[in-house]
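Trainee: Last residue of the sequence shown: number 187 in full-length UniProt numbering, and the count goes up by one each step with no gaps.
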Amino acid sequence: MNHTISASTAADSARVLELSDLTSQLSIIALGVLCGVLVILAVVRRRPGALAALAAAGAGSVLSYLLSEVLKMLVRQPRPCHLDMPSPECPPLDDWSFPSNHAVIAFGLALAVIVGSRRLWIVAVPLALITATGRVLSHEHFVHDVVVGGLIGIIVVALTVLLLQRALTPLADRIVSVVHHEPRATR
């Protein structure tokens, strides 16, 4: 009887791990799709300021990912799945845990969505939290990995938007004009 319970528990645990990983991946995809829709809407609605902010947020997401990769190489923290319960599903030993790239990307994209439409925070924040929670539940990351990853994503994207939005607005204005076949203003 005891053996049956542990086999059932092991199978349930494996399903939870798979579901956690899947939901964290799908949440990031959903955030990326939302960003893409917001870019299209900014162009269609002739909102170059919003387009510039979204472009800056996208650049910030890339920068935050690069920073995360540098930190991973410096810190070199093993993943909890290597320490707790080694399994074939666990990433290779040299694929470090701190900080969580998934959390960096999820929270960076969530902020990009919010920059594009403040009302969508109600969707973006839970999606980012689902990603972070899934990474912890799947034993890919410790809690501090996803917390720091989320902070990196938010801080780098926010700073990038503050620094680049104004500079990107003329380019975004030109893109909107070209898409809508508006004549170029003469000087």
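All C-beta atoms in this analysis are idealised placements derived from N, C-alpha and C, irrespective of residue type, glycine included. If you're wondering where the values come from, they're calculated on a predicted model, not measured in any experiment.
Roughly how far, in whole angstroms, is the beta-carbon of His-141 from the beta-carbon of Arg-79, given that I think they are within contact range, below 8 Å?
Mentor: Along the sequence shown, one-based indexing puts residue 141 at 141. Along the sequence shown, one-based indexing puts residue 79 at 79. Going by Cβ atoms, the distance from His-141 to Arg-79 rounds to 7 Å, so yes, they are a contact pair.
Trainee: Which term fits residue 194, buried or exposed, when burial requires 16 or more other beta carbons within 10 angstroms of its beta carbon?
Mentor: Any question about residue 194 goes unanswered here, given that the chain covers just 1 to 187.
Trainee: In this structure, does DSSP put Gln-77 in helix, strand or coil?
Mentor: Within the sequence shown, residue 77 is the residue found at index 77, counting from 1. Here Gln-77 sits in coil by DSSP.
Trainee: Helix, strand or coil for Phe-107 per DSSP?
Mentor: Numbered from 1 along the sequence shown, position 107 holds the residue referred to as residue 107. If DSSP states are grouped into helix, strand and coil, Phe-107 belongs with the helices.
Trainee: Roughly how many angstroms lie between the CA atoms of Gly-58 and Val-39, to the nearest whole one?
Mentor: Start at 1 with the first residue of the sequence shown, and residue 58 comes out as number 58. Start at 1 with the first residue of the sequence shown, and residue 39 comes out as number 39. Near 10 Å, if we compare the C-alpha coordinates of Val-39 and Gly-58.
Trainee: Less than 7 Å between C-beta atoms, sequence neighbours within five positions excluded: which residues of the same chain meet that for Val-157?
Mentor: Here residue 157 refers to the residue found at position 157 of the sequence shown. Cβ neighbours of Val-157 beyond the five flanking positions: Ala-57, Gly-60, Ser-61, Ser-64, Gly-108, Leu-111 and Ala-112.
Trainee: For the pair the segment 125 to 138 and the segment 35 to 55, tell me if three or more CB-CB distances fall below 8 Å.
Mentor: Output reads no: the segment 35 to 55 does not touch the segment 125 to 138.
Trainee: My assumption, with CB atoms under 8 Å, is that Leu-54 sits in contact with Val-115. Please give the rounded CB distance.
Mentor: Stepping through the sequence shown from its first residue, residue 54 is reached at position 54. Stepping through the sequence shown from its first residue, residue 115 is reached at position 115. Leu-54 to Val-115, Cβ: 6 Å. Contact.
Trainee: Is the separation between the beta-carbon of Val-16 and that of Leu-168 shorter than 8 Å?
Mentor: Numbered from its first residue, the sequence shown carries residue 16 at position 16. Numbered from its first residue, the sequence shown carries residue 168 at position 168. No.
Trainee: Between which two residues does the alpha helix (DSSP H) containing Leu-164 stretch?
Mentor: Residue mapping note: residue 164 aligns to position 164 of the sequence shown, counting from 1. 143 to 179 is the span of the alpha helix (DSSP H), which, as asked, contains Leu-164.
Trainee: Could you tell me the distance, in whole angstroms, from the CA atom of Asp-95 to the CA atom of Ser-68?
Mentor: One-based indexing of the sequence shown puts residue 95 at position 95. One-based indexing of the sequence shown puts residue 68 at position 68. Using only the alpha carbons, I get a separation of about 12 Å.
Trainee: Taking the Cβ atom as the reference point for each residue, do Val-43 and Val-161 lie within a distance shorter than 8 Å?
Mentor: If you number the sequence shown from 1, residue 43 lands on position 43. If you number the sequence shown from 1, residue 161 lands on position 161. No, the pair does not count as a contact, with Cβ atoms beyond the cut-off.
Trainee: How is Glu-89 classed by DSSP in three states: helix, strand or coil?
Mentor: Indexing the sequence shown from 1 puts residue 89 at position 89. It is coil, neither helix nor strand.
Trainee: For the alpha helix (DSSP H) that Pro-183 lies in, which residues bound it at each end?
Mentor: The sequence position of residue 183 within the sequence shown is 183, counting from 1. Element bounds for Pro-183: n/a, residue is neither H nor E.
Trainee: Tell me which residues share the same chain as Asn-101 and place their Cβ nearer than 8 Å to its Cβ, disregarding the 5 neighbours each side in the sequence.
Mentor: Against the sequence shown, residue 101 aligns to sequence position 101. Same-chain partners within the cutoff: Tyr-65, Ser-68, Glu-69, Lys-72 and Gly-149.
Trainee: With burial defined as no fewer than 16 other Cβ atoms inside 10 Å of the residue's Cβ, what is the status of Pro-170: buried or exposed?
Mentor: As a working mapping, residue 170 is identified with position 170 in the sequence shown. That one is exposed.
Trainee: For Ile-29, count neighbouring Cβ atoms within 10 angstroms of its own Cβ and tell me buried if that reaches 16, exposed if not.
Mentor: Position 29 of the sequence shown, counted from the start, is the residue given in the question as residue 29. It is exposed - the Cβ of Ile-29 has fewer than 16 other Cβ atoms within 10 Å.
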